[in-house]
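Asks: If you count the sequence shown from 1, position 204 lands on 204 in full-length UniProt numbering, and the numbers rise without skipping.
Backbone N, C-alpha and C fix where the C-beta goes; we use that ideal spot for every residue, glycine too.
These numbers were taken from a predicted model, which means no experiment stands behind them.
Provided herewith is a single structure, encoded as structure tokens, for subsequent inquiry.
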Amino acid sequence: MQERGSSSLPGNIKELGISPSAGGPRNGLGFAMTTFFLVAQMAGAGFLSLPKAVANCGWVINDASYSLVVDLNYYHSPPCRLGWIGLVMMVVFCTGVGFSGTRLGACWVILEERWPMCYRDSCRQPYMEIADRALGIHGRRLALACVLITLVGGTTVFLILIASFMKVLVTSVSICEWVLITAALVMPFTWLGTPKDFWQASVLAVTTTTIACVVILVEIILEKDLHPNPVYQNPTVSSFALGFGAILFAFGGASVFPTIQNDMGNRKLFIKAVVVAFAEFGWKRCVLRSAILIFEVVVGLAVPDFGKILNLIGGSTVTLCSFILPPLMYMKLVDDKSNPSWPQRQIELWERMLLWIIVGVGVVGGIASTISALIAILSPDSFSTSCFSDFYF
């Protein structure tokens, strides 16, 4: 296989206005700041969907039995009062994604060990490089598609979510109009450079998320007696699958883990912290990122329901990037003994079994969640709420 690191980019790098040395380890992120970036990446809009996702996954203990009632949409489930399956799934997914993320970090360390001349400096597409070395060119293309769709879809969710919040504050402006306003305000910030160049954003994100969680918990305690006891419905196949996708979206930051790791000064500390810095370039960055933002606005206007997009991205590309690809790439790299000079690594039986369980859960849940999300998006009700229908009719 051809040796490549940051040189794997097509065409002449200088013609693209990219500095190959940018984002190198000398001025890299430290352990503490990397941890802030990881928390900021993992704790965000996805967590706002967790209460509904937990409810969708169902409540398994009721007055009559301990069985999980699933159906085919035409059966109306009886109400139940108590259960934990959604909370259990949340803990399991959090643990699984965290462990999968550490294996993804180990993959990059393996690349540096085996091809030091290619990967000691900055690499612009670390996740794709890992996929290329482990799964070949087709794996690289699959990883690239998944990462792009995940990041574009996640940003679209943020746009719709911000617009929904602003609609509550300023009711005279519609959500569709707020999507356009939000995109216009956000666009200049998309022209900034690498994560280490605007580290203040990660600190602000962690701080505001922490404050929001504290406020929500305090309000729940203060208003507990003001609300009647809730009655939860047993899950349907569709609601359970959508809950799976929403929970995974909340923990779906693994696709950018290698990027943050590549920004670190000491990359071997990444597993302990368990997201390459984009090189400096000028107007082409502004044009490209503005075009991507415009595309996200179009998607947001077409489906102005952040939950539906969140479920689709969470069940499809996030599942691939966080649950399926990292274990597969790690096992493939470790099992590759083609060069005797490489440092030898072994995977314990328990670890291999755990990795395959993570892959299996991701495959089954991802397929079910993606199908359910597509059905919800393509339903007639979705088209009736599209902003384009409001603009033209």
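(1) With DSSP collapsed to three states, give me the class of S100.
(2) Roughly how many angstroms lie between the CA atoms of L217 and V186, to the nearest whole one?
(3) Could you tell me the boundaries of the alpha helix (DSSP H) in which F323 lies?
(4) Closer than 8 Å by C-beta to S386: which residues in its own chain qualify, once you throw out the five before and the five after it? Chain order, please.
(5) Only counting the same chain, and skipping five residues up and downstream in sequence, which positions put a Cβ closer than 6 Å to that of A376?
(6) Contact check, M331 vs L355 under 8 Å by CB: the rounded distance?
(7) If you count every other CB in all the chains shown that lies within 10 Å of the CB of F93, and 16 or more means buried, which is it?
(8) How far does the alpha helix (DSSP H) with E223 in it extend, from its first residue to its last?
(9) Cutting at 6 Å between CB atoms, please list the residues of its own chain near I130, excluding the five before and the five after it.
(10) So, with DSSP's three-state summary, where would you put Q344?
(11) May I ask which residues mark the beginning and end of the alpha helix (DSSP H) holding S372?
(12) Is it buried or exposed for L378, if we count other Cβ within 10 angstroms and need 16 for buried?
(13) Suppose the cutoff is 7 Å on Cβ atoms and the five residues either side in sequence are ignored; what does the same chain contact list for T156 look like?
(14) By Cβ distance, which residues of its chain are closer than 8 Å to V215, with the 5 residues on each side in sequence left out?
(15) Within 10 angstroms of its Cβ, does A273 collect 16 or more other Cβ (buried), or is it exposed?
(16) Throw me the rounded Cβ distance for the A145 and L325 pair, which I believe falls under 8 Å.
(17) Taking only the alpha-carbon atoms, compute the straight-line gap between E219 and M89 and give it to the nearest angstrom.
(18) Using 10 angstroms around the beta-carbon of W178, count the other beta-carbons present and answer buried if the total reaches 16, otherwise exposed.
(19) Among residues of its own chain, excluding the 5 on either side of A163, which ones have a beta-carbon nearer than 7 Å to its beta-carbon?
(20) I think G154 touches I294, with their Cβ atoms under 8 Å apart; what is that distance to the nearest whole Å?
Replies: Reading from the atomic positions:
(1) Of the three classes helix, strand and coil, the one that applies to S100 here is helix, per DSSP.
(2) Those two C-alpha atoms are separated by around 30 Å.
(3) Neither: F323 is in no alpha helix (DSSP H) and is coded neither H nor E.
(4) By the criterion of a C-beta distance shorter than 8 Å, S386 is surrounded in its chain by L301, A302, V303 and P304, once the five residues flanking it on both sides are discounted.
(5) Result list for A376: K308, in chain order.
(6) Cβ-Cβ separation between M331 and L355: approximately 6 Å, consistent with a contact (criterion under 8 Å).
(7) The C-beta of F93 has 16 or more other C-beta atoms within 10 Å across all chains shown, which makes the residue buried.
(8) Run containing E223: none; DSSP gives neither H nor E here.
(9) Excluding residues within five positions, the ones whose Cβ falls inside 6 Å are C107 and M329.
(10) Three-state result, Q344: coil.
(11) Start and end: L349 to I377.
(12) Classification for L378: exposed.
(13) Within the same chain, Cβ atoms closer than 7 Å to the Cβ of T156 are found at E296, V299, G300 and I309, the five residues on either side in sequence being excluded.
(14) Counting only Cβ-Cβ distances below 8 Å, and skipping sequence neighbours, we find nothing.
(15) The predicted position of A273 is uncertain, since its pLDDT is 48 and thus under 50; no value can be drawn from it.
(16) Going by Cβ atoms, the distance from A145 to L325 rounds to 11 Å, so no, they are not a contact pair.
(17) Cα to Cα, the separation comes out at about 25 Å.
(18) Label assigned to W178: buried.
(19) I175, W178, V179 and T182, listed in sequence order.
(20) The pair is not a contact, with the Cβ atoms about 16 Å apart (cut-off 8 Å).
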